[in-house]
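There are 2 protein chains.
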Amino acid sequence: MKQEGRTAPGAPATLWDRTRQLASQEILETALRLFTEQGYDETTIAQIAREAGVSQRTLFRYFGTKEDLLGGDQGRFGQVLTDTIGEQPAEAGVWEALRAGVAAVLALHDSREQALERFRLLHNTASLRAGWLEKRLRFQEDLLPLVEARMGAAVGSADPRARAVVATAFACLDAASMAWVDNDGKGDILDLYDECLAAVRG
Amino acid sequence: MKQEGRTAPGAPATLWDRTRQLASQEILETALRLFTEQGYDETTIAQIAREAGVSQRTLFRYFGTKEDLLGGDQGRFGQVLTDTIGEQPAEAGVWEALRAGVAAVLALHDSREQALERFRLLHNTASLRAGWLEKRLRFQEDLLPLVEARMGAAVGSADPRARAVVATAFACLDAASMAWVDNDGKGDILDLYDECLAAVRG
DNA sequence: GTCAACTTGGCAGAGACTGTCAGAAGTAGT
DNA sequence: ACTACTTCTGACAGTCTCTGCCAAGTTGAC
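Protein chains in written order, with this note's numbering: chain G, 1 to 202; chain V, 203 to 404.
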């Protein structure tokens, strides 16, 4: 299995690529539909596979875990995050850089409705939240060197401050998105994020 | 099953209570030993049960999940946390109250070595971290009303600020404990916690 | 001693996930 | 078009966590 193909711009777009793209999308849509219809825990892999018209084995080849069926391409989240922050001007402070990263990631969702649906599922399903938090932790670790550099700390040292700053930013994003869901998607998450950060750093 | 007995101070201390206490301890020690010896993921429930001299079924009756085998009595963590914060004087600020809670929880570990062992396992095992984070999230929710009251916010409103503050405190605790583990348990976690908070709120 | 309350172990089974393997389907060389 | 090669798929069996159920044993209260 070598799924690197990723539909590059001037793609060769072999039949395999297109087929995989299609299957992947079909699985993803079926999963999201069933999750919202009957809940995450109440939906089995077997059911998703059946309704998507593939075998369980194939489903697991596309998405390594059940959690991966939500959140689509989470790899991109981390990528966009680190890229955006890395591109911030050197004179920008840590918090400005982190804010820019958060904004970029939030802009990644297809639509407000889809984002709301995903966030709602995420915040209401314990088993999902756990996996999501863990994945986010990996993003945080990836961000560490960038933040350390901006804070003037020795990169890779045992200095906990950079980690605390990054984790705080995510904590605020979490609080903001939860409030956003509670408000049924009214308003802007980024505004809520700013509000949270102000409350913390006040 | 009614395991409420919990060896109250002037306990009746029936034979059942003592037996359960013993079995629980035996299981816990066996689990921690095997986890540190061969890793969390590489240790199966079957093995723990066998070496602890109980059936798998009984093991699951004592500890609902594999994760529960680490962290001992996590219920107490949340209890101590909310109790301590609730007992703080009204004129104490949010951050002082939260710090007191954190200190109380940290004081709960039996020994420095055991705490170090647990933290190390926790931070190095992805599957464990996920569950731990999720459990912590529940503590955070429990704390919410207390913090909201102290911040003068409408309790139960969609105000994300209290959630952000609580999450930030935990984020700092996380960063502090990770640095502590990296330093092989040298120094005081609470000092690191203060350092983190200063970096965030600085 | 009797009976109720409690505890235990074994069994069967669900559900997520993995390794393996034969075979189908696409791709490329001639 | 024929062949050789790579890629993908489905099926099967198996592992591991976790749950429901039931029969048997132990303890406690009277």
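For glycine and all other residues, C-beta sits at the position ideal for the given N, C-alpha and C.
| Taking the continuous alpha helix (DSSP H) assigned at L34 (chain G), which residues delimit it? | L15 to Q38
**Asked** Does the Cβ-Cβ distance between A100 (chain G) and I85 (chain G) come in under 8 Å?
**Response** yes
request  = Give the single residue among V:D384, V:R222, V:A378 and V:R263 whose Cα lies nearest to the Cα of L399 (chain V).
outcome  = V:A378
Q.
Between V282 (chain V) and chain G, is the shortest Cβ-Cβ distance under 8 Å, so that the two count as touching?
A. no
Tell me, please, whether the CB atom of N326 (chain V) is closer than 8 Å to any CB atom in chain G? no
### Message
Does the structure place the stretch 282 to 298 of chain V close enough to the stretch 262 to 270 of chain V that three or more beta carbon pairs sit under 8 Å?
### Response
no
Original post:
So M380 (chain V) packs on H311 (chain V), CB below 8 Å; how close in whole Å?
Top reply: Actually they do not touch by this definition, with Cβ atoms about 16 Å apart.
### Message
Alpha carbons only, please: which of V:R322, V:R278, V:R220 and V:A366 is nearest the one belonging to E343 (chain V)?
### Response
V:A366
Just tell me which of G:R118, G:S55 and G:Q56 has its CA closest to the CA of Q74 (chain G).
G:R118
### Task
Under 9 Å between beta-carbons, which chain G residues line up against R320 (chain V)? List them in chain order, please.
Residues of chain G passing the Cβ test: none, with the nearest at roughly 18 Å.
query = So the alpha helix (DSSP H) H123 (chain G) belongs to, where does it begin and stop?
reply = R112 to N124
**Prompt:** Should A107 (chain G) and R150 (chain G) be called a contact, given that it needs their Cβ atoms to be closer than 8 Å?
**Reply:** no
(message) Can you give me the C-alpha to C-alpha distance between A115 (chain G) and R235 (chain V), rounded to a whole angstrom?
(response) 44 Å
Contacts that P145 (chain G) makes with chain V (C-beta to C-beta distance below 8 Å): Residues of chain V passing the Cβ test: none, with the nearest at roughly 15 Å.
DSSP on G295 (chain V), reduced to helix/strand/coil?
-> coil
If the cut is a Cβ gap below 7 Å, which residues of chain V does E213 (chain G) touch? This structure gives no information on residue 213 (chain G), because the portion of chain G shown stretches from 1 to 202.
task: Report all residues from its chain with a CB closer than 8 Å to the CB of G389 (chain V); omit the five preceding and five following residues, and keep chain order.
output: W382
Q. Taking the alpha carbon of L128 (chain G) as the point to measure from, which residue in V:L323, V:L339 and V:R322 has its own alpha carbon closest?
A. V:L339
**Prompt:** Once you ignore the five residues that flank A371 (chain V) on each side, which residues in its own chain have a CB closer than 6 Å to its CB?
**Reply:** L300
Query raised in the report: Are the beta-carbon atoms of A158 (chain G) and A373 (chain V) separated by less than 8 Å?
Result: no
inquiry  = Taking a contact to mean a Cβ-Cβ separation below 8 Å, would you say F77 (chain G) touches F139 (chain G) in this structure?
reply    = yes
TODO: Please compile the residues from chain V whose C-beta is within a distance smaller than 7 Å of the C-beta of E134 (chain G).
DONE: A328, R331, A332 and L335
- request: Kindly provide the ranges of any alpha helix (DSSP H) runs that are 4 or more residues long and lie completely inside the stretch 164 to 202 of chain G, ordered along the chain.
  value: 189 to 201
**Prompt:** Alpha carbon to alpha carbon, how far is A251 (chain V) from A199 (chain G)?
**Reply:** 48 Å
Worksheet item: To which residues of the same chain is R112 (chain G) closer than 7 Å at the C-beta, ignoring the five residues directly before and after it?
Response: G185
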